[in-house]
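S.K.: Residues -20 to -1, 1 to 162 in mature numbering (1 follows the signal peptide of the UniProt record, and there is no 0) are what the sequence shown lists, from first letter to last. This is the structure I have questions about; it appears just below.
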Amino acid sequence: MRIIYIVCLVLMLSSCSTDINDYQGTNPKFDIKQYFSDQLTAWGVVQDYQGQITRRFCVEIEGTWDDNKGVLDEVFYFDDGEITTRVWQLEKLTDGRYQGTAGDVIGMAQGREVGFAFYWRYQLKVPVDGETYHLWLDDWMYQLDQDRVLNKTQMQKLGITVADITLFFDKNVKQCSNRVAS
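Listed below in C-alpha cells is the structure:
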C-alpha cells in the first residue's frame, strides 16, 4: 500500500510541472548561443531536500560557437576548496531546441528556449562521499536582461527532489573573485 501511495504522489506532483510554452511571447528573448558566448561568471548554492544550504560555489564559463555547435567550458570553485570542471558539447537544433552532452552526463541532455526561458533536462553522475548517484536535473534558466540570467534546478532521484540549485549568471564579470564562494 505504501508503494502505491508513493507512486500516486510522485505522479501527482510531476503533473504540476511548468511547460516551457507558458513563456511564449516573453522578453527578452533568450538566445543561448548569444548569451553563452565569450566569458561569464555565475554564483550558486546547493540546498538539500529540507532547504538547508549545503554548498556554495562560483563557476567560470567560457562559451564558443561554430555555427550551431557550441562548447561550454565550466570550472566550478566550491566553498570547501573543491574544484571541478565540466565541458558541454552543445548543438542547436530546430524550433529553439538544443541537445548536449558532457563527461558526467548520462546520455543526451535535451533543452528548448522559448521567450525569456530555457528548459534543460538531463541525467548527471553526482559523486557524494565515495559513491556516485545518477540524478535527473530539471534545469530552468530565465534571462533577466542582456547580461544576467537566473537558473533554478531540481535534482531528482526516482521522481523525488533531493536537492535544489540556484545560480545567478553575469556576463560583466569574467572570473570568480578568490576563486571560492565567500
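Even glycine gets a Cβ: it sits at the ideal position worked out from N, Cα and C. All values reported here derive from a predicted model rather than from experimental measurement.
For Tyr102, which residues of its own chain have a beta-carbon under 6 angstroms away from its beta-carbon, when the five flanking residues on both sides are left out?
M.R.: For this step, residue 102 is matched to residue 122 along the sequence shown. Contacts found: Val85, Ala89, Leu117.
S.K.: How long is the line joining the alpha carbons of Lys49 and Ser157, rounded to whole angstroms?
M.R.: The residue labelled residue 49 in the question sits at position 69 within the sequence shown. The residue labelled residue 157 in the question sits at position 177 within the sequence shown. Rounded to the nearest angstrom, the two C-alpha atoms are 30 angstroms apart.
S.K.: Which stretch, first to last residue, makes up the alpha helix (DSSP H) that contains Ile12?
M.R.: Along the sequence shown, read from residue 1 onward, the residue named residue 12 stands at position 32. Segment 12 to 15, the alpha helix (DSSP H) holding Ile12.
S.K.: Which partner residues of Gly5 appear in the DSSP bridge assignment?
M.R.: Within the sequence shown, residue 5 is the residue found at index 25, counting from 1. Note: Gly5 sits in no beta bridge, so no partner.
S.K.: Start and end of the beta strand (DSSP E) containing Gln103?
M.R.: To locate residue 103, count along the sequence shown from 1; it is residue 123. Residues 97 to 108.
S.K.: Please go through the same chain and pick out, in chain order, the residues whose beta-carbon is closer than 6 angstroms to the beta-carbon of Thr140, but skip the five residues on each side of it.
M.R.: Position 160 of the sequence shown holds residue 140. Checking the displayed sequence, the identity of residue 140 turns out to be Ile instead of Thr. Excluding residues within five positions, none has a Cβ falling inside 6 angstroms.
S.K.: Spell out the partners DSSP gives Asp(-2) in its beta bridges.
M.R.: Taking the sequence shown and counting its residues from 1, the one referred to as residue -2 is at position 19. None; Asp(-2) has no bridge partner.
S.K.: With DSSP run on the structure shown, which of helix, strand or coil describes Asp84?
M.R.: Working through the sequence shown from its first residue, we reach residue 84 at position 104. Coil, per DSSP.
S.K.: Between Val67 and Asp46, which are expected to be in contact by the criterion C-beta below 8 angstroms, what is the C-beta distance as a whole number of angstroms?
M.R.: Here residue 67 refers to the residue found at position 87 of the sequence shown. Here residue 46 refers to the residue found at position 66 of the sequence shown. No, Val67 and Asp46 are not in contact; Cβ-Cβ is about 15 angstroms, not under 8 angstroms.
S.K.: Is Gly91 buried or exposed, if buried means 16 or more other CB atoms sit within 10 Å of its CB?
M.R.: Residue mapping note: residue 91 aligns to position 111 of the sequence shown, counting from 1. The residue in question, Gly91, is buried, as its Cβ has 16 or more Cβ neighbours within 10 Å.
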